[in-house]
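Protein chains in written order, with this note's numbering: chain A, 50 to 367; chain B, 87 to 250. The beta-carbon is built from N, C-alpha and C at its ideal position, and this holds for glycine as well. This one's a predicted model, so the numbers in the text were calculated from it and none came from an experiment.
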């Protein structure tokens, strides 16, 4: 790992890291990136998930999503993350792609990395050009961050361990995303994500995850919603609530107003429907995947209600 | 700027045989299998990880050989469709695909058969949902999915002795 960080420092922006390679290699094949050096991390030993002194779960960033989905510790301690990981791409990709790689996914748009044709026109903002093909008179890039595991990790209050050649630092997953479609993640040159740390969960907790995509599997999410509700009063009321929505902009967002509306309340069906409405009005999706904003909003309300109902069921809603 | 040739000799362990192959760092496992070893049963369609045609098993797990670099897979047990049957004898999965006509143009078939093989060795009695989840990364543009699902169900039953 240290050697990889040293190599990364040595080659700087001329190098790209490949963990699973399933996001990087297609971009290289599309001609979007031509790194001089690719540092493959395939040979690195991967640690099994462990629990730390305060009951927190430590996940090696280089574990594949397939291993994560099968890990009994992860399934028991972070079922929301396992469910999200099971929704990433396809079975073959989950056997190659890593958790850290999913965290560091490149932002996407219909033109930038989903069409060969647009490689032969004037470059867009994302390709250091001066135009947007998605919104023809747009003044900035509108590429969207679409990793499925990230909304789940935000709800789980997860932290990342980030390694450089000389030291390591920790950063909350929620702070790892810049909101800038051109440079979506807060990694400095020479740094790589080495570990994901998930704190111990509340004794009574319910969670829900939903992803909307056209084909079900094998596709980036058009919307992903993750919810965690802590229970209090023996599960009769909600304690802390965390709601995160992905595939809406250059970073996944929390629906903070909706979270506040749940805190301390009994999660009745009526309240959950109101909160779902709040989520859909609070979160502002960017048009993508060929879907309009009103459609994505309507869809978000449905997904939000389903995930809220599932999470409320987990804390013992009557 | 001209590209330097950085060919190196690696050993690939494919279908229980070791092969020495001279590859460049950017040579994909798919190219090594097809162009260097002549194992053209592994297909290339999209080349970007969306269709599943290039699926091979590495240590029994399905991966996409179009997004894998050959140098990363040295000395790992790689199984391609050519190495699946023992001589003329088809495996229960292959036999089920034949009997159900789960093949039209046949381009997706090697990948489908290998993913099914991996699924059934890990989970001998999968539910319908588990079968769909295991095969979701395979596109059949002849859209013969129902026959494929029937074949997987039949193969599962055959393997655990529920069918002759």
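Out of the options, state which residue places its alpha-carbon closest to the alpha-carbon of residue i.
i                      : options                    : result
residue 103 of chain A : A:249, A:209, A:321, A:127 : A:249
residue 357 of chain A : A:89, A:310, A:124         : A:310
residue 154 of chain A : A:236, A:320, A:188        : A:236
residue 323 of chain A : A:307, A:232, A:231        : A:307
residue 56 of chain A  : A:225, A:239, A:77, A:72   : A:239
residue 110 of chain A : A:89, A:76, A:124, A:68    : A:68
residue 159 of chain B : A:93, A:281, A:295         : A:93
residue 118 of chain A : A:234, A:219, A:145        : A:145
residue 266 of chain A : A:229, A:233, A:142        : A:142
residue 254 of chain A : A:197, A:349, A:205        : A:205
residue 338 of chain A : A:201, A:158, A:130        : A:158
residue 209 of chain A : A:242, A:185, A:177, A:347 : A:242
residue 84 of chain A  : A:347, A:304, A:60         : A:60
residue 182 of chain B : B:207, B:240, B:111        : B:240
residue 300 of chain A : A:231, A:362, A:319, A:277 : A:231
residue 136 of chain A : A:225, A:270, A:228, A:74  : A:270
residue 76 of chain A  : A:343, A:161, A:219        : A:161
residue 221 of chain B : B:136, B:116, B:127, B:110 : B:136
residue 120 of chain B : B:223, B:152, B:225        : B:152
residue 288 of chain A : A:274, A:316, A:148        : A:316
residue 290 of chain A : A:313, A:273, A:302        : A:313
residue 148 of chain A : A:186, A:246, A:62         : A:246
DSSP three-state call for residue i: helix, strand or coil?
i                      : result
residue 174 of chain A : helix
residue 258 of chain A : strand
residue 231 of chain B : helix
residue 367 of chain A : Since pLDDT at residue 367 of chain A reaches only 45, below the 50 mark, its modelled position is unreliable, and the value read off the structure follows with that caveat. Reduced to three states, the DSSP call for residue 367 of chain A is coil.
residue 192 of chain B : coil
residue 269 of chain A : coil
residue 185 of chain A : coil
residue 219 of chain A : strand
residue 109 of chain B : strand
residue 24 of chain A  : Nothing can be reported for residue 24 of chain A, as the shown portion of chain A is limited to 50 through 367.
residue 87 of chain B  : Legend: pLDDT at residue 87 of chain B = 44, less than 50; position of this residue unreliable, value from coordinates given subsequently. Note: residue 87 of chain B maps to coil in three-state DSSP.
residue 301 of chain B : The structure shown has nothing for residue 301 of chain B, since chain B only spans 87 to 250.
residue 318 of chain A : helix
residue 219 of chain B : helix
residue 180 of chain A : coil
residue 236 of chain B : helix
residue 330 of chain A : helix
residue 207 of chain B : helix
residue 194 of chain A : coil
residue 235 of chain A : coil
residue 279 of chain A : strand
residue 143 of chain A : helix
Using a Cβ cut-off of 7 Å, pull out every chain B residue sitting near residue i, in sequence order please.
i                     : result
residue 74 of chain A : 153
Whose Cβ in chain A lies nearer than 7 Å to the Cβ of residue i?
i                      : result
residue 135 of chain B : 71, 75, 142
residue 138 of chain B : 139, 141
residue 150 of chain B : 141, 142, 145
residue 141 of chain B : 141
Applying the 10 Å Cβ sphere with the 16-neighbour rule, what's the burial state of residue i?
i                      : result
residue 100 of chain B : buried
residue 261 of chain A : buried
residue 330 of chain A : exposed
residue 248 of chain B : exposed
residue 228 of chain B : exposed
residue 98 of chain B  : buried
residue 191 of chain B : exposed
residue 296 of chain A : buried
residue 191 of chain A : buried
residue 134 of chain A : buried
residue 219 of chain B : buried
residue 140 of chain A : buried
residue 252 of chain A : exposed
residue 366 of chain A : Note on residue 366 of chain A: pLDDT 46, under 50, position unreliable in the model; the coordinate value appears next. Burial call: buried.
residue 87 of chain B  : Low local confidence applies: a pLDDT of 44 at residue 87 of chain B is under 50, so the model's placement there is unreliable, with the coordinate-based value given in what follows. Exposed, since its Cβ has fewer than 16 Cβ neighbours within 10 Å.
residue 104 of chain B : exposed
residue 62 of chain A  : exposed
Which chain A residues are close to residue i, counting only those with a beta carbon under 8 Å from its beta carbon?
i                      : result
residue 147 of chain B : 115, 144
residue 220 of chain B : 140
residue 223 of chain B : 138, 139, 140, 141, 142, 266, 267
residue 166 of chain B : The contacting residues do not exist; residue 166 of chain B stays about 14 Å from chain A at best.
Which residues of chain A have a Cβ atom closer than 9 Å to the Cβ of residue i, listed in chain order?
i                      : result
residue 192 of chain B : Simply none; closest approach about 19 Å.
residue 158 of chain B : 67, 70, 89, 91, 92
Is there a C-beta anywhere in chain C that falls below 9 Å from the one on residue i?
i                      : result
residue 179 of chain B : Note that chain C does not occur in the displayed structure, where the protein chains are A and B.
Residues of the stretch 76-108 of chain A with Cβ closer than 7 Å to any Cβ of chain B, in chain order = 78, 89, 91
Check your understanding: Which residues, in order along the stretch 183-215 of chain B, keep a beta-carbon less than 7 Å from a beta-carbon of chain A?
Key -> 201
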